[in-house]
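> To start, I am sharing the structure in question, which I have written as structure tokens.
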Amino acid sequence: MKLKKGDKLPEIILPSIDGTEFNTKKLLGKKILLTFYRFARCPMCNLRINELRKRESEFGKNFSVVGIFHSDTNNLAPAMERHDVSFYFLADKNYEYFSKYDVKTSVWGLIKASIFRISRFNRALMKGYLPFPINGYFNILPVDILINEEGIINRVKYANDIGDHLPIDDVIDFSKSK
Numbered sequence: 000m001k002l003k004k005g006d007k008l009p010e011i012i013l014p015s016i017d018g019t020e021f022n023t024k025k026l027l028g029k030k031i032l033l034t035f036y037r038f039a040r041c042p043m044c045n046l047r048i049n050e051l052r053k054r055e056s057e058f059g060k061n062f063s064v065v066g067i068f069h070s071d072t073n074n075l076a077p078a079m080e081r082h083d084v085s086f087y088f089l090a091d092k093n094y095e096y097f098s099k100y101d102v103k104t105s106v107w108g109l110i111k112a113s114i115f116r117i118s119r120f121n122r123a124l125m126k127g128y129l130p131f132p133i134n135g136y137f138n139i140l141p142v143d144i145l146i147n148e149e150g151i152i153n154r155v156k157y158a159n160d161i162g163d164h165l166p167i168d169d170v171i172d173f174s175k176s177k
């Protein structure tokens, strides 16, 4: 089922990198950026998290960031700890929620980003975000979902390539909106 504006926040229960079971329902009452990423060591994904981290102080006070990765917690935890953020990182090693919410894979989306976002990919590599080990599908197209305090989806972006996301300024504006 493809998520769309106006849908209710789906209940997602997955292991978190802190060793606990995380339920998205615990965030009701907050605005949320929920993103389906590729695998834990994905350079483009880690660069995106780094960019969000750099602007974390600009987010509204009642805002949470949740990242779901197609990896297990053993691979996800060390990859995410380097970011030192208050975000929630969840492991969907069985691809359950990726399948349920119609998150796509695309070889063309991988190739397209490799061509048209090569400077971004190089920037990720220069920051030390190396793609090894690959623990999860390599060609997942990310999905960004903005959810309001009532748990209603405000905006969804199903990516066209592996580096395609909502602009961070849009995320910040949403986090501060009334």
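Residue numbers (numbering that gives the first Met the number 0): 0 to 177. Here a beta-carbon is modelled for each residue, glycine too, at the ideal position from N, C-alpha and C. Quick caveat: nothing in here was measured; it's all calculated off a predicted structure.
#1: Buried or exposed for F131, please, with buried defined as at least 16 other CB atoms from any protein chain shown within 10 angstroms of its CB.
#2: So, for G162: in the same chain, excluding its five sequence neighbours on each side, which residues have a beta-carbon less than 6 Å away from its beta-carbon?
#3: Quick check: Y136 and H69, are their CB atoms within less than 7 Å of each other?
#4: Alpha carbon to alpha carbon, how far is D91 from R122?
#5: Just reading off the alpha helix (DSSP H) that G108 is part of, what are its end residues?
#6: Given a cut-off of 7 Å on the beta-carbon distance, is the pair N138 and V106 in contact?
#7: With distances taken between CB atoms, is the gap from V155 to L2 smaller than 7 Å?
#8: Is K99 near L140, with beta carbons less than 7 Å apart?
#9: Does DSSP put D172 in a helix, in a strand, or in coil?
#10: Using CA coordinates, which residue listed in P14, E10 and N61 is at the minimum distance from V170?
#11: What did DSSP end up calling P130 once you bin it into helix, strand or coil?
#12: Taking C-alpha atoms, which residue in F21, C41 and I31 lies nearest to E55?
#13: Grab the span of the beta strand (DSSP E) containing E31 for me, first residue to last.
#14: Give the DSSP bridge partners of Y157, in chain order.
#15: Terminal residues of the continuous beta strand (DSSP E) containing S63?
#16: What residue from I146, L89, K24 and K4 has the CA that sits closest to G18's CA?
#17: Out of curiosity, what's the CA-to-CA distance linking I152 and L165?
Inspection of the coordinates gives the following:
#1: exposed
#2: M43, A112, R116 and R119
#3: yes
#4: 27 Å
#5: V106 to F115
#6: yes
#7: yes
#8: no
#9: helix
#10: N61
#11: coil
#12: I31
#13: Correcting the residue type first, residue 31 is Ile in the shown sequence and not Glu. K30 to F35 is the extent of the beta strand (DSSP E) around I31.
#14: V142
#15: F62 to F68
#16: L89
#17: 14 Å
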